[in-house]
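As you go down the protein sequences, you meet chains A, B and C in turn. In case it helps, my numbering puts the first sequence at residues 13 to 369. In case it helps, my numbering puts the second sequence at residues 13 to 369. In case it helps, my numbering puts the third sequence at residues 13 to 369. Report on one structure; see the data block that follows.
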Amino acid sequence: MTSLIFSTKNILGQRKSASNHMLLSEIAQYLGGVLIGLDRDISGASTIEEATSADITFLANPKYRDKVQETSAGGIIVAEELGITIPQIIAKDPYLCFARAVNLIYPERPFTPGISPQAYVHPDAEVDETACIFPHVYIGQRAKISKRCVLYPGCFIGEGVSIGENTTVHPNVVVYDGCILGKECIMHAGVVIGSDGFGFAWDGKKHFKIPQKGIVIIGDYVEIGSNCTIDRAALTSTRIGSDVKMDNLVQIGHNVTIGDHTIIVAQSGVAGSASIGRSVILAAQSGVAGHISVGDGCTAAARAGVATDLPPGKIVSGFPAIDHRQWLRAQNVYKDLPGLVKRIRALERRLDGIDND
Amino acid sequence: MTSLIFSTKNILGQRKSASNHMLLSEIAQYLGGVLIGLDRDISGASTIEEATSADITFLANPKYRDKVQETSAGGIIVAEELGITIPQIIAKDPYLCFARAVNLIYPERPFTPGISPQAYVHPDAEVDETACIFPHVYIGQRAKISKRCVLYPGCFIGEGVSIGENTTVHPNVVVYDGCILGKECIMHAGVVIGSDGFGFAWDGKKHFKIPQKGIVIIGDYVEIGSNCTIDRAALTSTRIGSDVKMDNLVQIGHNVTIGDHTIIVAQSGVAGSASIGRSVILAAQSGVAGHISVGDGCTAAARAGVATDLPPGKIVSGFPAIDHRQWLRAQNVYKDLPGLVKRIRALERRLDGIDND
Amino acid sequence: MTSLIFSTKNILGQRKSASNHMLLSEIAQYLGGVLIGLDRDISGASTIEEATSADITFLANPKYRDKVQETSAGGIIVAEELGITIPQIIAKDPYLCFARAVNLIYPERPFTPGISPQAYVHPDAEVDETACIFPHVYIGQRAKISKRCVLYPGCFIGEGVSIGENTTVHPNVVVYDGCILGKECIMHAGVVIGSDGFGFAWDGKKHFKIPQKGIVIIGDYVEIGSNCTIDRAALTSTRIGSDVKMDNLVQIGHNVTIGDHTIIVAQSGVAGSASIGRSVILAAQSGVAGHISVGDGCTAAARAGVATDLPPGKIVSGFPAIDHRQWLRAQNVYKDLPGLVKRIRALERRLDGIDND
Chain A
13 MTSLIFSTKN
23 ILGQRKSASN
33 HMLLSEIAQY
43 LGGVLIGLDR
53 DISGASTIEE
63 ATSADITFLA
73 NPKYRDKVQE
83 TSAGGIIVAE
93 ELGITIPQII
103 AKDPYLCFAR
113 AVNLIYPERP
123 FTPGISPQAY
133 VHPDAEVDET
143 ACIFPHVYIG
153 QRAKISKRCV
163 LYPGCFIGEG
173 VSIGENTTVH
183 PNVVVYDGCI
193 LGKECIMHAG
203 VVIGSDGFGF
213 AWDGKKHFKI
223 PQKGIVIIGD
233 YVEIGSNCTI
243 DRAALTSTRI
253 GSDVKMDNLV
263 QIGHNVTIGD
273 HTIIVAQSGV
283 AGSASIGRSV
293 ILAAQSGVAG
303 HISVGDGCTA
313 AARAGVATDL
323 PPGKIVSGFP
333 AIDHRQWLRA
343 QNVYKDLPGL
353 VKRIRALERR
363 LDGIDND
Chain B
13 MTSLIFSTKN
23 ILGQRKSASN
33 HMLLSEIAQY
43 LGGVLIGLDR
53 DISGASTIEE
63 ATSADITFLA
73 NPKYRDKVQE
83 TSAGGIIVAE
93 ELGITIPQII
103 AKDPYLCFAR
113 AVNLIYPERP
123 FTPGISPQAY
133 VHPDAEVDET
143 ACIFPHVYIG
153 QRAKISKRCV
163 LYPGCFIGEG
173 VSIGENTTVH
183 PNVVVYDGCI
193 LGKECIMHAG
203 VVIGSDGFGF
213 AWDGKKHFKI
223 PQKGIVIIGD
233 YVEIGSNCTI
243 DRAALTSTRI
253 GSDVKMDNLV
263 QIGHNVTIGD
273 HTIIVAQSGV
283 AGSASIGRSV
293 ILAAQSGVAG
303 HISVGDGCTA
313 AARAGVATDL
323 PPGKIVSGFP
333 AIDHRQWLRA
343 QNVYKDLPGL
353 VKRIRALERR
363 LDGIDND
Chain C
13 MTSLIFSTKN
23 ILGQRKSASN
33 HMLLSEIAQY
43 LGGVLIGLDR
53 DISGASTIEE
63 ATSADITFLA
73 NPKYRDKVQE
83 TSAGGIIVAE
93 ELGITIPQII
103 AKDPYLCFAR
113 AVNLIYPERP
123 FTPGISPQAY
133 VHPDAEVDET
143 ACIFPHVYIG
153 QRAKISKRCV
163 LYPGCFIGEG
173 VSIGENTTVH
183 PNVVVYDGCI
193 LGKECIMHAG
203 VVIGSDGFGF
213 AWDGKKHFKI
223 PQKGIVIIGD
233 YVEIGSNCTI
243 DRAALTSTRI
253 GSDVKMDNLV
263 QIGHNVTIGD
273 HTIIVAQSGV
283 AGSASIGRSV
293 ILAAQSGVAG
303 HISVGDGCTA
313 AARAGVATDL
323 PPGKIVSGFP
333 AIDHRQWLRA
343 QNVYKDLPGL
353 VKRIRALERR
363 LDGIDND
């Protein structure tokens, strides 16, 4: 364990919040783009509507092309030259380039390493001396905190937990005993990793708790939104692949596996033992039933409830989820079901008329 | 920063939990109502079923009128005189009046101001000397805590956060750097304000994180339920209007704006950049898609999923949400779809019979 | 209040994480089963796929019978003898028996009792000397913590809260003032018990907060999943029966009552004043509307939204929830609504043809 003393003054006094000043030409060079128009000093980034002459902005969606006429921005990142006087940086994928420019202009603030004396670190825990451990953090026995990790106040790191390099754990995150987090991850506030899976067997009088002795393993470059919950496996491991991104309030049941690059939007849930492929998108408020397998590259639209296995690449909607286009057509009819009833009634009357002839 | 010393004895020893004793006539006067029947000493408030002779109760819903006969209450707040012997306070809006009476009988317990020595307050934070900062609170650099704020244990107040007067922050709430909370707000336990919005751009190999450099601005008189999550804007601000009330486990995406007086019931979600008007009601487990505009005074019924812009005053249901009455009619047919199939089959057979003639 | 001093070395140094070694015959005897085959030393438990020769496994679902041929397990718990060479323990209900065996092999780690000096315990709180209070816990005035309770870091126990024997409260759980938890309960991380119910009355200018002066009462043997929220009653109590099991991210409104043995799966919500019977199952992402009564033994399928009272034993699906079989039939037609439209159009054309004859 590091013996560095946490200094309040250092840790909280040296974080930069100011933005960098730079020329449009410097930004263009950094992005591998071409500057059209006059060079200019830039010290901020904003939306087309709110940008000032000191800000850079971007146009990604042609739908907003008209707004370009009215922007006060000092420069704009675009995919192809527009007939305007504002300086333009021509670059492929303006949205991605803008994101990179924002990071350039507003660099992440460095943390002075150290362990707050108001944190609790077990003597047998291993905390790298470059990590930053805030007050009211708890780090259990045999836990391992790697280089440049930042653990914000109120985090609980259980016994034997391992956290990879450069991972940031926001306030009040809970990582139960034995779980493993990769490098370069971001855990947002209130996330719970490794709580018990939900399993009970009726013993004749009450629910007998199925022991949950497994763990959660989270890959690298994973971001998990606020107040998400990811349960530990009963015996083995719940696995979240690398570069998985979860929005807020997502629930992942025990023994679930999620492939690399998969995106899970807010308030979705994946039930126990489901297997989600790589590069899947589970849109907002969707759900996947237990023991279901969702193939690589599938998309479950918002609110979809996937109740059957899906082959790779399927796009589904509704509950129980069906092919998205089929759902659109069914939904279209659904809206006017009373109209359908009228047509049937009209047919019945016409036939009655014929029969009565 | 205040130099007051937090005294355990004071802060936790002087909170009143006892109720006030008062006469029915005093309550009637306070409410601007009229007492019918004998005056009596009251020291509590309860439901019609559970009230004793020391309690006041109320009748708002005529559906429960029969229960009045059996109540043991010492007094009852009603809209118009009932033919009963129990003392009655006649007042407009008995429900609201009862709520006011409850506050009169059970006043909020005052907190002795001060900062717990077990809290962490950055030397450059500004905490008003009338605020009460419990143990294990963290207050970051340049944060500003106003008069009579109460910050319960385990709260994290990030750098530069500003909290208005008389705001109560319940345990384990997290407010990320730079966010602004108004006055007279109540943040319930586990709320997360200002976590990163959910935005990524594919860079060819993995998801590139779109920087989330904006903030959250919350108005006055806002109450936010337990474990809600409200994301910071990418560049500007996520805005929650004044007098907005959110139930538990609600998710608000980045760049969302919510108008004054809007009510959002439990487990609902509003996706990024949606704009919700004033005095809107989003009922339980509802959702609003990204970039959607919901007009003033709209109601989304429970489970509604709003996927298109709504003009002011619309009431919608279902997913995708449609006019509520249209949904009711469609749903009514839906329940008996197999019956519809039978009628169609019968028609087909009758026609076959005619054709075969 | 106990005067025991919390010793970091003791509390965190003596927890066993090793598994027990034992003979298959000992396990069989413990389970009341019969061992068929050679006796063997067992030191672990795992799934059929991942078990090694030192592990015991089980077969409960006949669907997985083929996998038994390929398992490397040292022993297997089965309902009836299989024609295989692996030692078998024949026992009724292999799943339940396996769960019991897991607890035998991996016993719960005992906690050394005591109160961390980094916890805050009000002088007027009552903490049993056999309880274990971790750092950064807050225990309010007149709270009562019973024998062998474990309160993990970051928990907030409000004034006058009572917690029964052997109850475990995981990190960052919040129990508001006055709430009562039974014995042998497990509260997972981030749970909030007793936040204010959601009630407002319009006072002509803004929403007037209906005071929430009641409490939450939780029975014995209750397990509540991570980040669940359970609101306090307005005046009386929200009641969770004994042996109730809740998965993660469940919302329970104020004044709700839930009967013994009821199971509520992840992301479900029960609105205010609803009454849920005994041994009910609310499957994942389901909901129950306010003031609704759900009879004993009912099942609401995944995503069901119960909007009307249900007599005992009903199984419902859909929203608004209807009889499960009726929903299956309706849903089956729904999927091919465009086909129905075609049949109606065909009928119309045929009739047009007849009329034109």
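We put the beta carbon where it would ideally sit given N, CA and C, even for glycine.
| Asked | Found |
| --- | --- |
| Delimiting residues of the beta strand (DSSP E) encompassing A/Gly206 | Val204 to Ser207 |
| Of the listed residues A/Gln130, A/Ala314, A/Val353 and A/Gly209, nearest to A/Val334 (C-alpha basis) | For clarity, residue 334 of chain A is Ile in the given sequence; the question names Val instead. Ranking the options by Cα distance to A/Ile334, first place goes to A/Ala314. |
| Identity of the residue in B/Ser285, B/Gln297 and B/Ile60 nearest B/Ile373 by Cα | Any question about residue 373 of chain B goes unanswered here, given that chain B covers just 13 to 369. |
| Test: A/Val114 CB closer than 7 Å to a CB of chain B | yes |
| Neighbourhood of A/Pro125 by C-beta distance below 7 Å, restricted to the same chain and skipping five residues each side | Leu16, Glu141, Thr142, Ala143 and Cys144 |
| Inter-stretch contact (C-beta, 8 Å, three-pair minimum) for the stretch 348-364 of chain B and the stretch 329-346 of chain C | yes |
| Inter-stretch contact at 8 Å, needing at least 3 Cβ pairs: the stretch 33-44 of chain B / the stretch 204-224 of chain C | no |
| In chain order, each alpha helix (DSSP H) run of at least 4 residues that lies wholly inside the stretch 248-280 of chain B | none |
| Chain A contact residues for B/Phe331, given Cβ-Cβ distances below 7 Å | Arg315 |
| Interface flag, C/Lys79 vs chain A, CB-CB below 7 Å | no |
| Reference B/Asp272, options B/Val187, B/Gln279, B/Phe212 and B/Met258, closest by Cα | B/Met258 |
| Residues in the stretch 276-299 of chain A having any Cβ partner in chain B nearer than 9 Å | Val277, Ala278, Gln279, Ala296 and Gln297 |
| Min CB distance B/Thr59 to chain C below 7 Å | yes |
| Neighbourhood of C/Glu93 by C-beta, 8 Å cutoff - its chain only, sequence neighbours within 5 removed | Ile48, Gln100 and Ile102 |
| Simplified DSSP assignment, three categories, for C/Ser37 | helix |
| Spatial distance of B/Arg160 from B/Ser128 (CA atoms) | 15 Å |
| Reduced DSSP category for B/Cys144 - H, G, I as helix; E, B as strand; rest coil | strand |
| Residue range of the unbroken beta strand (DSSP E) whose run includes A/His336 | Here A/His336 belongs to no beta strand (DSSP E); instead the alpha helix (DSSP H) covers His336 to Tyr346. |
| Closer than 7 Å to chain A by CB, C/Ile356 | yes |
| Burial state of B/Thr250 (16 or more Cβ within 10 Å) | buried |
| Contact under 7 Å by Cβ, B/Ala319 with B/Ser329 | no |
| Cβ-based burial, B/Ala63 [other Cβ within 10 Å; buried from 16] | buried |
| Classification of B/Lys28 by the beta-carbon crowding that lies within 10 angstroms, buried from 16 upward | Any reading at B/Lys28 must be qualified, since the residue scores a pLDDT of 37, below 50, and its modelled position is unreliable; no value is offered. |
| Stretch-stretch touch, CB-based, cutoff 8 Å, three pairs: the stretch 259-279 of chain B with the stretch 145-160 of chain A | no |
| C-beta contact flag for C/Cys167 and C/Val203 at 7 Å | no |
| B/Ala111 - DSSP class collapsed to helix/strand/coil | helix |
| Min CB distance C/Ser128 to chain B below 7 Å | no |
| Opening and closing residue of the beta strand (DSSP E) in which A/Val353 lies | From DSSP, A/Val353 is part of no beta strand (DSSP E) but of the alpha helix (DSSP H) over Leu349 to Asn368. |
| Contact set between A/Phe146 and chain C, taken where Cβ atoms lie within less than 7 Å | The premise fails here: A/Phe146 is roughly 12 Å from chain C at the closest Cβ pair, so nothing lies under 7 Å. |
| Cβ pair A/Pro323, A/Gly307 closer than 7 Å | yes |
| For B/Ser158, the residue or residues it bridges with in DSSP | In DSSP, B/Ser158 forms no bridge with anything. |
| Residues from the stretch 178-208 of chain A in contact with chain B, defined by Cβ distance under 9 Å | His182, Pro183, Asn184, Ile198, His200, Ala201 and Gly202 |
| Member of C/Tyr107, C/His336, C/Glu138 and C/Gly302 whose CA lies at the smallest distance from the CA of C/Asn267 | C/Gly302 |
| Partners in chain A for C/Gly45, counting only beta-carbon separations shorter than 8 Å | Within chain A, no residue comes near C/Gly45; the closest Cβ sits about 15 Å away, beyond 8 Å. |
| Members of the stretch 149-165 of chain C that neighbour chain A once the beta carbon cut-off is set at 9 Å | Tyr164 and Pro165 |
| Proximity test, Cβ basis, 7 Å: A/Ala72 and chain C | no |
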